[in-house]
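Everything below concerns the one structure shown next.
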Amino acid sequence: MDLFEAIHTQRAIRRLKPDPIPDSVIRQLLEAAICAPSGGNRQGWVFIVIRDPDVKARLAELYREGFQELLKIPYYRDAGSAPPDSAAGKMLASAHHLAEHLQEAPILILACLKTEGTTPGITMGSSIYPAVQNILLAARGLGIGSTLTTIHRFRDGQVKELLGVPAGVETAALIPLGYPFGKFGRPPRKPVSEVTYFDRWGRPPPW
Ligand SMILES: Cc1cc2nc3c(=O)[nH]c(=O)nc-3n(C[C@H](O)[C@H](O)[C@H](O)COP(=O)(O)O)c2cc1C
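Under the working numbering, read the sequence shown as residues 175 to 381, first letter to last.
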């Protein structure tokens, strides 16, 4: 698949078939992940591939608890009262579907970061989320649906205990992956001209 076609049609795919993903394909996703940049090339990432139905089921329970916490945040509470056919309403319905069906995804990948030596703050995430994005894009290229999720972090302690994640490690994203029920398509985004300045803040682009 053309790189730009993959980039332009990668989006949150939350309705996933339970069909298994072959080991060789999982390996391809992770080979893409480890090509990502990381601060000082530390490569402090660890990816836990979760296939065990019991572990997925327990993670899904914790995820659903987290989802209820999320709904208390004003942005998501408002989305809950948005019209069902609005962008916010659709996003929330889709997120709700995922919360109800997370355990049915054939695999979940928990992307972790060993935090030792990394600077706390926004830059810490920049040593793991490029690898996560590589997984999302590689999945798109292979016809596999995925979503970057972080709701598990509402129950981070229990998730770490369940999976045996040691101290000094952050769980950055839980990525459900599976062959999609629906179709890939261009995601709704603000136009580039609305989010770009040239040379200084506030100066619009020449186009
Ligand atoms: C930092 C981050 C955290 C996210 N957490 C979740 C999540 O926990 N659950 C979920 O269903 N989607 C999650 N998403 C997916 C976003 O909702 C999604 O990227 C956004 O709605 C755009 O979707 P689209 O690409 O299909 O347009 C997250 C995305 C990001 C970047």
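C-beta: ideal position from N, C-alpha, C; glycine also.
Exercise for review: Note down, one range per segment and in chain order, each beta strand (DSSP E) of at least 3 residues found wholly within the region 244-321.
Suggested key: Runs of the beta strand (DSSP E) inside the region 244-321: 281-288.
Check your understanding: Hey, quick one: how far does the beta strand (DSSP E) through E344 stretch, first residue to last?
Key -> In the sequence shown, residue 344 corresponds to position 170, counting from 1. Counting along the chain, the beta strand (DSSP E) containing E344 begins and ends at V343 to G352.
Check your understanding: If we ignore side chains and look at the alpha-carbon of each, how far apart do V366 and P379 end up?
Key -> Here residue 366 refers to the residue found at position 192 when the sequence shown is read from its first residue. Here residue 379 refers to the residue found at position 205 when the sequence shown is read from its first residue. Rounded to whole angstroms, V366 to P379 spans 9 Å at the Cα level.
Check your understanding: My guess is that Q277 and A313 are in contact by the Cβ rule of under 8 Å, so how many angstroms apart are they, rounded?
Key -> Working through the sequence shown from its first residue, we reach residue 277 at position 103. Working through the sequence shown from its first residue, we reach residue 313 at position 139. Not quite, the Cβ-Cβ distance comes to about 19 Å (not below 8 Å), so this is no contact.
Exercise for review: Out of H326, R185, P280 and C209, state which residue places its alpha-carbon closest to the alpha-carbon of R225.
Suggested key: For the purposes of this step, residue 225 is taken as residue 51 along the sequence shown, with counting starting at 1. For R225, the nearest C-alpha among the options comes from P280.
Point to revise | Own chain partners of L245 with C-beta closer than 8 Å, once the 5 adjacent residues on each side are dropped | key: Within the sequence shown, numbered from 1, the residue matching residue 245 stands at position 71. Answer for L245: R251 and G254, listed in chain order.
Point to revise | Selected residue, minimal CA-CA separation from L266, among A186, I309 and V369 | key: Residue mapping note: residue 266 aligns to position 92 of the sequence shown, counting from 1. Nearest to L266 by alpha-carbon distance, out of A186, I309 and V369, is A186.
Check your understanding: Do the CB positions of F221 and L204 come within less than 9 Å of each other?
Key -> Counted from its first residue, the sequence shown places residue 221 at position 47. Counted from its first residue, the sequence shown places residue 204 at position 30. Yes, these two residues count as a Cβ contact at 9 Å.
Review point. With 16 other CB atoms within 10 Å as the buried threshold, where does F355 fall?
Key: If you number the sequence shown from 1, residue 355 lands on position 181. Classification for F355: exposed.
Check your understanding: Which residues in the same chain have their Cβ closer than 7 Å to the Cβ of V306, if we skip the five residues on either side of it in sequence?
Key -> For the purposes of this step, residue 306 is identified with residue 132 of the sequence shown, where counting begins at 1. So the qualifying residues of the chain are A285, L322, A346, A347 and I349.
Check your understanding: Are A273 and R216 touching if we call contact CB-CB under 9 Å?
Key -> By one-based count along the sequence shown, residue 273 stands at place 99. By one-based count along the sequence shown, residue 216 stands at place 42. No, they are not a contact pair.
Exercise for review: Following the continuous alpha helix (DSSP H) through V223, name the residue where it begins and the one where it ends.
Suggested key: As a position in the sequence shown, residue 223 is number 49, starting the count at 1. No alpha helix (DSSP H) holds V223; the beta strand (DSSP E) holding it covers W219 to I224.
Exercise for review: Assess, as a yes-or-no matter, whether the region 189-200 is touched by the region 323-330 under the definition of 3 or more beta carbon pairs within less than 8 Å.
Suggested key: no
**Study point:** C209 versus N308 - alpha carbon distance
**Key:** In the sequence shown, residue 209 corresponds to position 35, counting from 1. In the sequence shown, residue 308 corresponds to position 134, counting from 1. Answer to the nearest angstrom: the Cα atoms are 8 Å apart.
**Study point:** Closest residue to L287 among W375, S268, V339 and G240 (Cα-Cα distance)
**Key:** Position 113 of the sequence shown, counted from the first residue, corresponds to residue 287. The candidate whose alpha carbon is nearest that of L287 is V339.
Check your understanding: Is R329 near ligand 1, judged by its Cβ being under 8 Å from some heavy atom?
Key -> Here the question's residue 329 lines up with position 155 in the sequence shown. Answer for R329: no, Cβ out of range of ligand 1.
Practice item. Grab me the residues of P194's own chain with a C-beta within less than 7 Å of its C-beta, minus the 5 sequence neighbours each way, in chain order. Key: As a working mapping, residue 194 is identified with position 20 in the sequence shown. The residues are P280.
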